[in-house]
Structures are given as C-alpha cells and as structure tokens.
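Protein sequences appear in the order of chains Z and R. For the first sequence, numbering that gives the first Met the number 0 begins at 0 and goes up steadily by one. For the second sequence, numbering that gives the first Met the number 0 begins at 0 and goes up steadily by one. Cβ atoms here follow ideal geometry from the backbone N, Cα and C, with glycine treated the same way.
Number of protein chains: 2
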Amino acid sequence: MTVTREDRWTADPGELLRVGQGFRLADVDPDTTPGYEGRKKHGRSDLRAGAEELAALQERLYAQSTVDPSTPAVLLVLQAMDSAGKGGIVRHVIGATDPQGIRLKAFKKPIAEELAHDFLWRVEKEVPEAGFIGVFDRSHYEDVLIGAVRELAPPGEIERRFGAINDFEKRLSESGTRVVKVMLHISSEEQKARLMERLERPDKHWKYNPGDVDERLLWPRYMEAFQTVLDRTSSDHAPWHVVPANAKWYARLAVQALLVTALEDIDPRWPAVTTYDVAAEKRRLAAT
Amino acid sequence: MTVTREDRWTADPGELLRVGQGFRLADVDPDTTPGYEGRKKHGRSDLRAGAEELAALQERLYAQSTVDPSTPAVLLVLQAMDSAGKGGIVRHVIGATDPQGIRLKAFKKPIAEELAHDFLWRVEKEVPEAGFIGVFDRSHYEDVLIGAVRELAPPGEIERRFGAINDFEKRLSESGTRVVKVMLHISSEEQKARLMERLERPDKHWKYNPGDVDERLLWPRYMEAFQTVLDRTSSDHAPWHVVPANAKWYARLAVQALLVTALEDIDPRWPAVTTYDVAAEKRRLAAT
Chain Z
0 MTVTREDRWT
10 ADPGELLRVG
20 QGFRLADVDP
30 DTTPGYEGRK
40 KHGRSDLRAG
50 AEELAALQER
60 LYAQSTVDPS
70 TPAVLLVLQA
80 MDSAGKGGIV
90 RHVIGATDPQ
100 GIRLKAFKKP
110 IAEELAHDFL
120 WRVEKEVPEA
130 GFIGVFDRSH
140 YEDVLIGAVR
150 ELAPPGEIER
160 RFGAINDFEK
170 RLSESGTRVV
180 KVMLHISSEE
190 QKARLMERLE
200 RPDKHWKYNP
210 GDVDERLLWP
220 RYMEAFQTVL
230 DRTSSDHAPW
240 HVVPANAKWY
250 ARLAVQALLV
260 TALEDIDPRW
270 PAVTTYDVAA
280 EKRRLAAT
Chain R
0 MTVTREDRWT
10 ADPGELLRVG
20 QGFRLADVDP
30 DTTPGYEGRK
40 KHGRSDLRAG
50 AEELAALQER
60 LYAQSTVDPS
70 TPAVLLVLQA
80 MDSAGKGGIV
90 RHVIGATDPQ
100 GIRLKAFKKP
110 IAEELAHDFL
120 WRVEKEVPEA
130 GFIGVFDRSH
140 YEDVLIGAVR
150 ELAPPGEIER
160 RFGAINDFEK
170 RLSESGTRVV
180 KVMLHISSEE
190 QKARLMERLE
200 RPDKHWKYNP
210 GDVDERLLWP
220 RYMEAFQTVL
230 DRTSSDHAPW
240 HVVPANAKWY
250 ARLAVQALLV
260 TALEDIDPRW
270 PAVTTYDVAA
280 EKRRLAAT
C-alpha cells in the first residue's frame with residue numbers, strides 16, 4: 000500500500016495552525032513542521048499532488064459561479080516579515096492553479112491617492128468576485144503592522160483600524176467570501192541568512208533593499224505588533240493561521256492544504272444547465 | 000546525443016507564422032504543425048522545457064524593471080473563434096510562469112460604462128507596466144471582428160477603429176511594449192467536434208453557450224473579418240501570427256516559443272546595484 004498524501008498529515012493543518020484564544024506567537028517554533036510527518040522530498044511530491052486537487056476544485060468553483068452568482072470566493076491574505084517566502088507561496092502554490100481563476104494583488108507602499116482615502120479604500124477594489132481565488136500579497140494588515148511599529152498613524156487611529164478590519168472581514172464573509180489569513184513565520188536567524196544570501200548572489204541583489212535591515216532592527220516590535228494583530232483579528236469568520244516557514248517546502252504545503260480545505264468546505268459542484276436544452280442544442284449544432 | 004528543443008524546430012515560428020504581405024488565412028491548414036518536426040509526446044516535453052526557459056527570462060525581465068523603469072513589457076494578444084484554445088494557452092503556457100509577473104485580462108462583452116467611452120478606453124487601463132507580461136484573452140480586436148460581423152457599429156466607425164488600433168499599438172511599441180498578436184486558427188469541423196464534446200459531457204455543460212452556435216453559423220463572415228484584421232493591422236511593430244490550433248499541443252508550444260523569442264529579443268539582464276553598497280550592507284546585516 001502506498002502512503003497517500005492524507006496519510007502524511009497527522010492532523011488537519013487548518014485546525015492545528017489556527018490562531019485561537021490564548022495563542023502565543025512566541026511559542027511557535029519556526030523550524031517545525033506541525034502535523035506533517037513527511038520530509039522535504041515527500042513534501043515536494045505531496046505539493047504536486049495537492050496542486051492537481053486544488054486546480055480541480057478551483058475549476059469547479061469557477062464553473063459554478065458562471066451559473067450561480069451566489070457562489071463563494073476565497074481570499075488568501077499573506078503577511079510576513081521580509082524574505083519569509085510570500086513570493087514562493089505565490090509562485091509554487093498559486094502558480095500551480097489556473098491563472099484564469101486567480102485575482103492576485105501585491106499591495107505596495109501606498110501612493111498619495113491611496114493615502115488620501117481610508118486605508119480600506121484600495122483594498123475593497125481588489126476583493127475577488129464569486130468563483131475566484133483572491134490572493135493578497137501584503138494587505139490592509141500593513142496598516143496595523145508597519146503602521147503601528149513605525150507610528151505612521153496615532154494609537155487611536157490604529158485602534159479604529161482594528162474595528163474597521165473586523166467589520167470589513169465580517170462583511171466579506173457574510174457576503175460569501177471565505178477569508179483565509181496566513182502569517183508566514185520565520186526566525187530572526189533565518190531572515191538574516193536569507194538576506195545575506197541576497198547580498199552574496201549578484202542575481203539576487205535586486206531583491207535586497209537596505210530598508211529590510213532597518214525593519215529587521217525592529218524585529219521584537221514587529222513580533223509584538225503581529226501578536227496584537229493575531230489577538231485582535233483572528234475571528235471565526237476570518238481566522239489567522241501561523242505557518243512555521245523556516246522550511247519553505249512545509250510552508251507551501253501547509254498553505255496549499257489550507258486552500259484545499261477552504262474549497263472542500265465550499266464543496267463546489269458542476270452546475271446543472273438551466274439556460275438551454277442540451278438535446279436541442281446537440282441537434283442544432285449537428286445541423287451546422 | 001539527445002535531441003534538444005531547438006532541434007525539433009526546423010524554422011523560427013516567429014518568422015514562419017508571422018502575417019506578412021499577401022498572407023491568405025484561407026491557405027493556412029489548421030491541422031498542420033509548421034516548423035516543428037516532433038509529435039505530441041515531444042511537444043509536451045518541449046513545453047515543459049520551454050516553461051523553465053520562459054520563467055527564467057520572465058524573472059530577469061521583472062528584476063531589471065525594479066531598477067530600470069525603461070525596461071520593456073510584453074503584451075500577448077489572443078484572438079480566436081470559440082473553443083479554439085485560448086483558455087488552454089493561458090492555463091498551460093501562461094500558467095507555467097510566475098503569476099507575480101503576469102497581468103492577465105479577459106475582455107468580456109462591454110458593459111454600459113465601457114460602451115459610453117471609446118472602445119480603447121477599457122483596453123488602455125489593462126496594458127502591462129514595465130517588466131510584466133500582459134495577456135489579453137480577447138481584446139480591442141473584438142470591436143472590429145464581432146463589431147463588423149454583427150454590424151454593432153457602422154462601416155465608417157469600424158474603419159476609424161483600424162486607424163485607432165494601429166496608432167495605439169504603435170504608441171505601445173514606441174513606449175517599450177513588445178506586442179505579440181496571435182490568432183489561434185481551428186477548422187470549422189474541429190470547432191463542431193469541440194462544441195459537441197461540451198454538450199456530451201455534463202462537467203463541460205457550463206462551458207457551452209447557445210450563442211456559440213449562432214456565431215458559428217457566421218463562420219465564413221468571421222473568416223473574412225479576420226482576414227481584414229490581419230491585412231490592416233499586422234505591422235512591423237505589432238505583427239500578427241496565425242497559429243494552426245487543431246493540435247492543441249502545437250498551438251501551446253508555438254505561442255510559448257513566440258513569447259520566449261520576444262523575451263530573448265529584449266534580452267533582460269540582472270540589474271547592477273547602484274542604490275546601495277553591497278559590502279557595507281553585508282557588514283550592517285552581519286551586525287544585527
């Protein structure tokens with residue numbers, strides 16, 4: 000008997016990695032691979048198998064939405080310290096799906112027009128429509144992470160944003176969007192090694208930004224800000240998951256599993272045709 | 000000696016499939032695989048090899064654009080009769096690249112707001128920025144294809160649009176966008192078989208639209224409209240390529256080759272760092 004993908008997960012990563020009451024970020028070891036008993040080589044082959052599963056579910060979700068406008072959407076929110084592997088998740092997990100069903104948005108430092116609106120203005124425009132998988136590479140959470148650490152907004156405004164985020168995500172959820180929030184969690188040592196690699200390889204120099212070290216110097220304050228975010232915004236309708244990410248292969252596998260689970264919960268179906276008569280259309284087509 | 004990818008191309012598909020003076024669409028046999036001497040199984044393995052090549056070029060293009068705003072973009076324009084395989088190109092050719100460097104836009108039937116503007120209004124908003132590969136699944140060419148066949152606009156307006164398209168694409172080209180236009184060309188018999196398959200498989204019913212048969216009944220007029228488009232808008236700065244597409248594997252391989260060639264012509268380079276001092280940053284990072 001061959002070991003199947005499911006056999007190597009000893010627990011549902013959706014439950015295991017989920018941020019609930021009393022969660023302490025400091026207690027998560029970024030080197031671990033919770034719930035998965037395979038190693039890197041297994042992880043890689045399971046990622047390929049999972050990609051097929053995800054793509055099949057994605058196609059059904061999209062198909063259903065062409066007939067039923069109340070079909071859900073999925074929104075994956077990715078947050079992390081620099082070099083934690085958001086790009087790798089997009090490339091290897093999202094990249095293995097059908098681009099036609101993906102809405103990917105990388106949020107950069109806000110421009111003047113965005114700063115002249117409420118912080119959720121630019122975010123609202125990017126939420127996925129029915130049948131799509133949206134992916135936020137950074138998100139409205141920047142406004143309560145770097146926003147708090149760098150004091151880009153006063154404490155009262157940061158506080159207001161937490162309320163606004165919870166209301167926003169509740170509305171998304173109630174209007175049919177499954178929100179999956181992921182913090183990729185690397186250790187400070189791992190970040191140092193990854194940033195150093197960018198400096199050591201000329202083909203990686205473009206990925207390095209001196210600002211990354213400036214932020215790195217504030218690591219403890221960022222961890223505090225993340226803890227606050229997890230405390231304040233991990234809800235039943237939009238839970239956070241903290242994914243240990245020192246092992247890139249594990250982080251990719253876990254995020255893929257979270258997406259597969261979200262889609263399995265939606266359980267999309269091939270839509271039954273109601274807008275035309277199959278037999279009549281066969282005859283009409285045959286006559287051409 | 001193993002046969003390499005290039006060995007199976009006996010001619011550059013960019014040259015071979017390009018629409019030049021005196022091109023006759025009626026002379027293209029959709030069943031052929033011009034310039035490629037391999038068969039389906041070779042095509043599939045060459046597609047995988049090409050995907051790595053394309054992804055590597057794409058990363059360099061994106062990298063260059065982070066330092067040099069004058070870096071080109073690439074814009075792939077896909078047009079075809081229904082069921083010709085545009086979706087398969089997006090899934091299998093574009094899907095094998097990094098989604099972070101792709102701007103995909105599927106143009107649907109225009110909505111009221113779009114119709115209240117010039118036909119290029121909605122198109123301009125979707126052109127890719129420096130360093131990106133844009134993909135138009137349908138495009139401004141709908142406005143001179145279905146627009147002409149269905150007489151959605153008077154002949155004088157269709158005529159005006161040809162001029163506007165040429166000016167628009169010239170501007171794109173001169174401002175740094177490499178425009179690669181592709182017509183996927185299937186036979187009428189092949190379309191019939193593909194539409195029938197959609198009717199025969201319940202999991203494909205959602206892809207079938209009775210309107211597809213209505214358009215199919217106008218096949219000769221669409222071929223005329225395509226011939227006019229090719230005559231009027233295949234330019235040095237934005238050439239058309241007609242890709243025989245009865246063999247899906249060939250069409251995918253050929254479009255991939257067109258993209259690889261466009262990127263090779265751009266010849267993107269890992270950018271040299273000018274904004275920071277590598278040695279100084281290494282010391283600064285090491286001290287953290």
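Check whether the segment 5-17 of chain R and the segment 31-41 of chain R are in contact - that is, three or more C-beta pairs closer than 8 Å. yes
Tell me whether H116 of chain Z is buried or exposed, calling it buried when 16 or more other Cβ atoms sit within 10 Å of its Cβ. Exposure of H116 of chain Z is indicated by the presence of fewer than 16 other C-beta atoms within 10 angstroms of its C-beta.
Three or more beta-carbon pairs under 8 Å between the segment 88-103 of chain Z and the segment 147-160 of chain Z, yes or no? no
Report the CB separation of W239 of chain R from L229 of chain R in whole angstroms; it is logged as a contact under 8 Å. At roughly 5 Å, the Cβ-Cβ gap stays under 8 Å, so W239 of chain R and L229 of chain R are in contact.
If we count the other Cβ atoms within 10 Å of its Cβ and call it buried at 16 or more, is W205 of chain Z buried or exposed? buried
DSSP beta-bridge partners for A105 of chain Z? The secondary-structure analysis by DSSP pairs A105 of chain Z across a beta bridge with Z:D136.
Report yes or no: do three or more beta-carbon pairs, one from the segment 88-95 of chain Z and one from the segment 76-89 of chain R, lie closer than 8 Å? no
Taking the alpha-carbon of A64 of chain R as reference, which of R:D211, R:E168, R:W269 has the nearest alpha-carbon? In the sequence on display, residue 64 of chain R carries Ser and not Ala. When only C-alpha atoms are compared, the closest one is R:W269.
Tell me H240 of chain R's beta-bridge partners as DSSP assigns them. R:R17, R:V181
Extent of the continuous alpha helix (DSSP H) run through A55 of chain Z: 39-66
Backbone CA spacing between D276 of chain Z and P209 of chain R [nearest angstrom]: 9 Å
Do we get a CB-CB distance below 8 Å when we pair T273 of chain R with the residues of chain B? In the structure shown, chain B cannot be found, because the protein chains are Z and R.
Who are the Cβ neighbours of E280 of chain R in its own chain at under 6 Å, not counting the five residues just before and after it? none
Could you tell me which of R:E214, R:K169, R:I157 sits nearest to S187 of chain R, measuring between CA atoms? Ranking the options by Cα distance to S187 of chain R, first place goes to R:E214.
DSSP state of S8 of chain R mapped onto helix, strand, coil: Ser is not the amino acid found at residue 8 of chain R; the sequence shown has Trp there. Strand.
What does DSSP give as the partner residues of L75 of chain Z in its beta bridges? L75 of chain Z pairs with Z:V134, Z:V179.
Beta carbon proximity, G42 of chain Z to chain R, threshold 8 Å: no
Residues near M0 of chain Z by beta carbon distance below 6 Å, same chain, minus five either side: For M0 of chain Z, the pLDDT reaches just 34, beneath the cut-off of 50, and the residue's location in the model is therefore unreliable, although a value from the coordinates is still provided. So the list is empty, once near-sequence residues are dropped.
Let me make sure I understand the geometry here. Which of Z:W120, Z:V126, Z:L119 has the alpha-carbon closest to that of R102 of chain Z? Z:V126
Using the Cα positions of R121 of chain R and E113 of chain R, report the straight-line distance between them to the nearest angstrom. 6 Å
Given a cut-off of 8 Å on the beta-carbon distance, is the pair L183 of chain R and A105 of chain R in contact? no
Considering only the beta carbon of each residue, do A72 of chain R and V179 of chain R sit closer than 8 Å? no
Is DSSP giving Y275 of chain Z helix, strand or coil here? coil
Hey, is T287 of chain Z's beta-carbon within less than 8 Å of any beta-carbon in chain R? The Cβ of T287 of chain Z sits closer than 8 Å to at least one Cβ of chain R.
Y249 of chain R by DSSP, collapsed to three states: which one? The answer is helix: DSSP assigns Y249 of chain R an H, G or I state.
Using beta-carbon positions only, say whether R77 of chain Z and D136 of chain Z come within less than 8 Å of one another. The sequence shown places Leu at residue 77 of chain Z, not Arg. Contact: yes.
Nearest-angstrom Cα distance between S44 of chain R and S138 of chain Z? 38 Å
Excluding the five sequence neighbours on either side, which residues of its own chain have a C-beta within less than 6 Å of the C-beta of L75 of chain Z, listed in chain order? V134, V179
So, does the segment 159-166 of chain R touch the segment 52-69 of chain R, judging by three or more C-beta pairs under 8 Å? no
With a Cβ-Cβ cutoff of 8 Å, do M195 of chain R and L284 of chain Z count as a contact? yes
Return the CA-CA distance between Q255 of chain R and F167 of chain Z, expressed in angstroms with no decimal places. 41 Å
Between which two residues does the alpha helix (DSSP H) harbouring F363 of chain Z extend? In the structure as shown, chain Z starts at 0 and stops at 287, and residue 363 of chain Z therefore has no counterpart that could be examined.
Neighbourhood of S69 of chain R by C-beta, 8 Å cutoff - its chain only, sequence neighbours within 5 removed: A129, G175
Using a Cβ cut-off of 8 Å (strictly closer), state whether W120 of chain Z contacts chain R. no
Within chain R, partners of A62 of chain Z - CB distance below 7 Å: W205
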